[in-house]
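Here my numbering is used: the first residue of the sequence shown is 4, the next is one more, and so on. C-beta: ideal position from N, C-alpha, C; glycine also. Here the structure comes first, spelled out in structure tokens, and everything after it is commentary.
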Amino acid sequence: MVKDKLLNLINYVGLDDRIRNIESFRLEKSRDYKSFVVDKEATNIFLVIKGKANAATGWRDNRENREVTGVVTLEEGEFVLYLPGEPFALNTTDGIIEHRRLK
């Protein structure tokens with residue numbers, strides 16, 4: 004997981020070259036993730052347009068318990084990037100989030 008300001012997003016093309024053309028990927032329907040999701044096929048980027056969001060940074064890795072063990076707060080103009088196969092959970096606090104799935 005990477006958290007940074009949107010103006011720095013281009014610095015992460017080494018993680019996924021598709022970031023160069025992020026605008027060409029359609030917006031996904033925005034929703035809160037109450038539990039962890041794993042997307043093995045795509046990089047997922049969430050950008051806070053308005054308000055705030057909370058993104059999970061850690062989890063308990065066992066089948067019976069997928070508790071969040073760490074969270075960061077994202078503010079307007081910040082993003083979080085999850086690489087393929089990386090578990091993610093995100094929820095908003097009265098905000099507008101753009102989600103792009105780079106596949």
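Worksheet entry | Beta-bridge pairing of Y85 - partner residues as DSSP gives them | As computed with DSSP, Y85 is found in a beta bridge with N47.
Worksheet item: Alpha carbon to alpha carbon, how far is P87 from K55?
Response: 24 angstroms
Discussion item. Which same chain residues end up closer than 8 angstroms to A92 when comparing Cβ atoms and leaving out the 5 residues on each side of it in sequence?
Written reply: Y36, K37, S38, F39, V40, A58, A59, W62, V71
Worksheet entry | Three-state secondary structure (DSSP) of R21 | helix
Worksheet item: Taking the C-alpha atoms as reference points, what is the distance between N94 and H102?
Response: 12 angstroms
Worksheet item: If you count every other CB in all the chains shown that lies within 10 Å of the CB of N24, and 16 or more means buried, which is it?
Response: The residue is exposed, with fewer than 16 neighbouring Cβ atoms inside 10 Å.
Worksheet item: Among residues of its own chain, excluding the 5 on either side of E89, which ones have a beta-carbon nearer than 7 angstroms to its beta-carbon?
Response: M4
Worksheet entry | Integer Cβ distance of E31 from I52, believed to fall under 8 angstroms | Going by Cβ atoms, the distance from E31 to I52 rounds to 14 angstroms, so no, they are not a contact pair.
Worksheet item: Which whole-angstrom value is the C-beta distance of T2 and L10, which I expect to be below 8 angstroms?
Response: As displayed, the chain neither begins before 4 nor continues past 106, which places residue 2 out of reach and without an answer.
Worksheet item: Who are the Cβ neighbours of G73 in its own chain at under 6 angstroms, not counting the five residues just before and after it?
Response: T60, G61
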